[in-house]
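Take a look at the structure below.
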Amino acid sequence: MHAKCSPNAVDSGQLVPLVLLDLSSAFDTVDHDCLLTVLRNRFTVEGRAMDWFQSYLSERTQAFTAADSHSNSIAVNCSVPQGSVLGPIQFISYTEDVAELFNGHSVNFHLFADDTQLYTCAAPGREAIARQKLSTCIDDLVAWCASRRLKLNPSKTELIWFGSRTALSKMATNRSVTVGSVDVQPTDIVRNLGVLLDSELTMKQHVNKAASACFYHLRRLRQLKRHVSQDTLRQLVSAFILNRLDYCNSLLYGLPWSTIAPLQRVQNAAARLVLGLSPRDHVSSALQTLHWLPIYYRIQFKIALLMYNALAGRCPEYIKDIVTPVASNPGRQQLRSAARSDVIVPRCRTKFGSRAFSIAGPEVWNRLPQSVRSADTVRQFRRLLKTHYFQSHFYPT
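-16 is the number of the first residue of the sequence shown in this note's numbering; add one for each residue after it.
Structure (structure tokens):
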């Protein structure tokens, strides 16, 4: 039995292969009888609740409309309704016991509805063991999928190896992983839940892609400027631009300013658009007027919020387990840092390792004043945190 991968594997010089598996039409192939059996046997759904699920899934029909033409209704004997509240929950219930299979192979995994990701780690020169481990696990997964009438799609399955430039350069020529009867070759960049990840996790491609998409939408919004009020324009910019800038931005912590600068240029351009400023006007006062935190602080805001939720027990186990309050360590309970509700900051070997949430989270949290950390609710914490960062940037003491 192999040990599972450490969260700081790359920092310790190891290689981490990640397989992003694709299920063919996953939501459309859920067998209703099998789903009801899973709900009954694994989740003890019975009585009126089971009758409700049976009624919800049975006698469904589907029709197609194109222009003025309508097809005949056809019976839907499988699938869970997409776009519904229950659809993803039903699919998760249908497949959640696959975790037992992955645990049996000691393979790390993440499950996001129908997105399944497997990864492990290996020292340079021993990547063949990691490849075999993943391939063996996937072989068993193929059989498991067949038992649930699901099917892996090797043509859309992706593989990427993460590691330092030095570790990646030492890898053997054969880096593929077998999925069914197909050898999936590694790629240098993958899209994972909307984020572009490269082998060295520089995040440059993701930042440039996000900045490009934002500037595209800014050009379109500029055409609407004469037809909408400033308040409406601000709401549109928030929806189309700021949301993109904030999406998964905690992954950008610790990156060089040259990498995240394109995102700041996007925010500056958005502020000038809302307030009707020229490209030469100074943007700092515009951000202050709009009460927008600069990109640097927006990244820290997201990490601090995640830390607050982790310490309050409102995060997944794999996040809570890497956050250790100083007060929980018997040898440190008398320290002033324990009284301040500090969190232990693990050691790391490289600058790359300091970007891990297990280190970045405690660092950001420990820098916050106690008045912010002691907020009673998430809403109050968000308000106090934004005020703190806003004053730190615009009104430094």
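Every residue gets a Cβ at the ideal spot worked out from N, C-alpha and C, and that includes glycine. Just so it is clear, the structure is predicted and the values come from calculations on it, not from any experiment.
Shown here for residue 345: same chain residues with a beta carbon closer than 6 Å to its own, the five before and five after excluded, namely 326 and 328 in chain order. For residue 61, DSSP records a beta bridge to 14. For residue 73, the enclosing alpha helix (DSSP H) starts and ends at 69 to 78. Residue pairing of residue 240 in beta bridges, as defined by DSSP: absent, with no partner found. Contact fails between the region 294 to 312 and the region 249 to 257, because fewer than three Cβ pairs, one in each stretch, are under 8 Å apart. If you look at residue 44, you'll find it isn't in any alpha helix (DSSP H); it sits in the beta strand (DSSP E) that goes 43 to 45. Residue 102 sits close to residue 1, with the two beta carbons spaced by under 9 Å.
About 16 Å separates the beta carbons of residue 133 and residue 3, which is beyond the 8 Å limit, so they are not a contact pair. Residue 137 places its beta carbon less than 9 Å from that of residue 165.
Between residue 289 and residue 340, the CB-CB gap stays under 9 Å. Listed in chain order, the alpha helix (DSSP H) runs fully inside the region 195 to 261 are 213 to 220, 226 to 229 and 240 to 258, counting runs of at least 4 residues. With at least 16 other beta carbons inside 10 angstroms of its own, residue 146 counts as buried. In this structure, residue 193 sits away from residue 239, with a CB-CB distance that is not shorter than 9 Å. Separation of residue 117 and residue 47 (C-alpha to C-alpha, rounded to the nearest whole angstrom) is 41 Å. Residue 145 carries a strand assignment under DSSP once its states are collapsed to helix, strand and coil.
In this structure, DSSP gives residue 48 an extended state, which the three-state scheme calls strand.
-8 is the residue among 338, 368, 337 and -8 whose C-alpha sits nearest the C-alpha of residue 150.
With a cutoff of 9 Å on beta-carbon distance, residue 176 and residue 186 are scored as not near each other. Secondary structure of residue 378 (DSSP, three-state): coil. Taking a 10 Å sphere around the C-beta of residue 62, we find 16 or more other C-beta atoms and assign the residue as buried. Counting C-beta pairs with one atom in each stretch, the region 34 to 46 and the region 54 to 73 have three or more that are closer than 8 Å, which means they touch. As the crow flies, the alpha-carbon of residue 374 is around 11 Å from that of residue 280. Note on geometry: alpha-carbon atoms of residue 167 and residue 114 lie some 11 Å from one another. The straight-line gap separating the alpha-carbon atoms of residue 23 and residue 171 is approximately 43 Å. Beta bridge pairing from DSSP links residue 105 with -2.
In this structure, 131 is the residue among 91, 351, 131 and 204 with its C-alpha nearest to the C-alpha of residue 10. Here residue 28 has 22 and 36 as same chain residues with Cβ atoms under 7 Å from its own Cβ, once five neighbours each way along the sequence are excluded. Secondary structure note for residue 123: its alpha helix (DSSP H) is the uninterrupted segment 110 to 130.
In the three-state DSSP reduction, residue 84 falls in the helix class (H, G or I). For residue 92, the enclosing beta strand (DSSP E) stretches over residues 91 to 95. Beta-bridge pairing by DSSP links residue 175 to 178.
Relative to residue 249, the option among 223, 372 and 274 whose CA is nearest is 223. Residue 53 is bridged by DSSP to 48. Judged by beta-carbon spacing, residue -2 lies within the 9 Å limit of residue 105, meaning their Cβ atoms are closer than that value.
CA-CA distance, residue 18 to residue 68, rounds to 16 Å. Here residue -7 carries a coil assignment [DSSP, helix/strand/coil].
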